[in-house]
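Working notes, beginning with the structure itself.
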Amino acid sequence: MSEQTIDTMLLEERRYPPPPEFAAQANAQPDIYDRDFDEFWETEARERVTWFEPFTKLYEWEPPYAKWYLGGKLNVSYNCVDRHVEAGRGDKVAFHWEGEPEDDRREITYADLQREVARFANALKELGVRKGTPVAIYMGMVPELPVAMLACTRLGAPHTVVFGGFSADSLSGRMVDMQCEVLITQDEAWRRGSTVPLKQTADDAMADAPNVKTCVVLRRTGGDVPMQDGRDHWWHDVVEGAADECPPEPMDSEDLLFLMYTSGTTAKPKGVVHTTGGYLAGVAATHYHIFDLKRDTDVYWCAADIGWITGHSYIVYGPLCNGATSVIYEGTPDYPDKDRWWEIIERYGVTILYTAPTAIRSHMKWGPEYAERHDLSSLRLLGSVGEPINPEAWVWYRDHIGGDRTPVVDTWWQTETGMILITPLPGVTTLKPGSATKPFPTVAAAVFSESGEEVGPGGGGYLVLKRPWPAMLRGIFGDDARYRETYWSKYPDVYFAGDGARIDEDGDFWLLGRVDDVMNVSGHRISTIEVESALVDHKEVAEAAVCSRKDSTTGEAIVAYVTLKGGAEGSVEKLEELRNHVARKIGPIAKPANIVFTPELPKTRSGKIMRRLLRDVAEHRTLGDTTTLADPTVVEEIKTRAESDRSED
Ligand code: WTA
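So the sequence shown is residues 772 to 1420, counted in the numbering used here.
Dropping the structure here:
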């Protein structure tokens, strides 16, 4: 991947300066880069956030921990909802919600949102939720998901939203780690015309998470689900009769807002800690400048899932804080047909679309004729996030979706960074397909060599951040050692992002993918060890090694090499069984695309699995150095087996 990206960078000569009309009206003008660090973040926090009590100090940096907006008091749901209603914008649409079944639509104004959030917050209070009560949320893309998140923030109850595609084990692991007392879920979710049994999975998860004493269940599909007496409550029952008003809890800037679990280089996902004031200021400021949000005229659509950080920052908290009108779509892009997204854009007059390269590549594969069926002329800005975007997909996106007219902002950031950090500003930056271009104003991104020297233009190395930023993670929940080790041990007091990067002669950044054992499948982070552990958990598996190969749609695809116990031979049935086992343990997104059965894995003499060689096999490359292997013949055997598997496909 990285070699190819470097080639791309050298060959990519297309340039797209901002269209003059766009530049003239843009929120961010060129002088934004001249703004002073302290002035920038003080002003942004005051302009975009309403404080119950003003902060007295901008930030405090005691590496590796930062605090922002010290002394400030605020409430996130008040900022995202109430103050817009108080300013007379209660009738403005917050969400155009579109369910997957056709003609299933709802329009939720800011006044509606205020009422629903207050009622649900009161219901949660009635169920014992207080400031500090940890709450898990396991839902699909229904309006009640942001309502549940906002209701938690109203009470000061930290939440963790678990993506609806995760398994019972993944859900229970997170609920146990955070010590959640309450789980909010739904009966079932709609997906590509069929239903996903969320409550059933939640039941399995709760069996392993005895700390969860209360479960609230939204009726979405009407499917039959068992309810456990005393523990389970229907959403519609608990909000019935609940008051429309619920005072927002004043929270300290540094109070815990939510945890978002993400894969690292071990089997156990880490609970990335985000707090209140800095996070909100960071996502609101970036959303305003990067997406050039015009609150009164734009219709903004971030097509991610709220269960990931992108959805938290750029569907829920950033856009609502800015008073935006957004679209939320429940289902898949190809249901009932492959033009569903474009139909939605036409219906609501979407002006800004933010999605991931993997989705763009799917649309590319399906062909431009689906987009051509619809009037997409309302679009004025496109965004991309989640993985490096190949220039071909970037140009297709701009041409076929953006009418060869709109800027495309390729935004680099992470669960840990909370907010976008490297990105073009659409009215300022000359775009290069495949490059995330420049650090956002005040962001001190750099590329370091192995030994910690800063690499100048033309050089490649590791992406680092040299100065704190407001939405940065405040740690890994309950694991200070892992926090220090993962992000702060490679270079002293400098944040190590885990991505490779190069800076070109113009100072533009080119992201080269992960440098650790983290794979990026359809923009989702999955660790090799996590999948290996899931495989080895199967009773017939002796050993497993996992790596990724390039894939034209998902970016990377998972390849597993598996040794069965007792030297048993693999079979097509066994392969399916193992894939399903991984889906059960982690979730369908972690299913290996292929599994190669092998009597032995390539190991060094000290017993370390040589993943580099497995990756070479998976990508049909000439094998690198095999001399350090304990048994060099093993890799030849694997190669033969991998080749014969391929010819059977
Ligand atoms: C990758 C998603 C290149 C990167 C917001 C990062 C990107 C990881 C880009 C974080 C981009 C995200 N160009 N790579 N524009 N955006 N990545 O935590 O490897 O799910 O470290 O956050 O995705 O993924 P996460």
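Cβ atoms here follow ideal geometry from the backbone N, Cα and C, with glycine treated the same way.
- If you check the CB distance, F1029 and P929 come in under 7 Å.
- With respect to the C-alpha of G1230, the residue from E792, S1220, L1091 having the closest C-alpha is S1220.
- Between I1123 and D1069, the gap from beta carbon to beta carbon is short of 7 Å.
- Taking the Cα positions, A837 is about 53 Å away from A1339.
- Nearest to K1039 by alpha-carbon distance, out of V820, A1074, I1300, R1320, is I1300.
- For the options K863, S1323, T1397, the alpha carbon positioned closest to that of A1130 is the one of S1323.
- Pairing F808 with T1213 gives a Cβ-Cβ distance under 7 Å.
- With respect to the 7 Å criterion, N1365 and V1330 are classified as neighbours on the basis of their beta carbons.
- Taking C-beta atoms as the reference points, W1165 and V1179 count as a pair closer than 7 Å.
- By the Cβ-count criterion, P789 is buried, with 16 or more other Cβ atoms from all chains shown falling within 10 Å of its own Cβ.
- Taken in chain order, the whole beta strand (DSSP E) runs of length 3 or more contained in the segment 816-848 are 828-833, 836-841.
- Apart from sequence neighbours up to five positions away, the residues of its chain that approach R990 with a beta-carbon distance below 8 Å are Q957, D958, W1005, W1006, H1007, ordered along the chain.
- Contact between the segment 1113-1123 and the segment 1043-1054 is absent: fewer than 3 CB-CB pairs across the two stretches fall below 8 Å.
- Counted as a single uninterrupted DSSP element, the stretch harbouring N982 is not any alpha helix (DSSP H), since DSSP gives it neither H nor E.
- Y1100 and H867 have their C-alpha atoms spaced approximately 8 Å apart.
- F1219 sits in a strand when the DSSP states are folded into three classes.
- Of the heavy atoms belonging to the ligand WTA, none sits nearer than 6 Å to the Cβ of W961.
- Going by C-alpha positions, G1269 is about 39 Å away from D853.
- The beta carbons of A1216 and L1236 sit closer together than 7 Å.
- When the five nearest sequence neighbours on each side are left out, the beta carbons in the same chain lying within less than 8 Å of the beta carbon of S1148 are those of G1174, in order along the chain.
- By DSSP's assignment, A1316 forms a beta bridge with Y1332.
- Between the beta-carbon of L1152 and that of T1177 there is about 5 Å, and that keeps the pair under the 8 Å contact cut.
- Annotation for G944: no beta strand (DSSP E) segment contains it, though the alpha helix (DSSP H) segment containing it runs 939-949.
- Rounded to the nearest angstrom, the Cβ distance from N846 to T904 is 16 Å, too far for a contact under 8 Å.
- With the criterion CB distance below 7 Å from any heavy atom of the ligand WTA, the matching residues run T1033, W1079, I1080, T1081, S1155, V1156, G1157, E1158, P1159, I1160, D1181, T1182, W1183, W1184, Q1185, T1186, E1187, A1207, A1268, G1269, D1270, L1282, G1284, R1285, N1291, G1294, H1295, R1296 along the chain.
- Scanning S1293, S1342, G1337 for the CA closest to the CA of S1319 turns up S1293.
- Annotated as proximal: V1289 and S1034, with beta-carbon spacing under 7 Å.
- Apart from sequence neighbours up to five positions away, no residue of its chain approaches S1260 with a beta-carbon distance below 7 Å.
- Taking 7 Å as the cut-off, the Cβ atoms of V1054 and M912 do not count as close.
- Short of 6 Å from the beta carbon of K1362, and not among the five residues preceding or following it, lie these beta carbons of its own chain, in chain order: R1350, V1353, A1354.
- From the listed residues D874, G842, T880, V983, the smallest Cα separation to G859 is found for T880.
- Going by DSSP, Y1119 is part of the alpha helix (DSSP H) stretching over 1111-1119.
- For Y1106, the CB contacts under 7 Å within the same chain, skipping 5 residues up- and downstream, are E871, R963, G964 in chain order.
- If you draw a straight line from the Cα of I1160 to the Cα of I1247, it is about 29 Å long.
- With contact defined as three or more Cβ pairs closer than 8 Å, the segment 1130-1147 and the segment 1079-1097 are not in contact.
- Assigned with DSSP and collapsed to three states, K1041 falls in strand.
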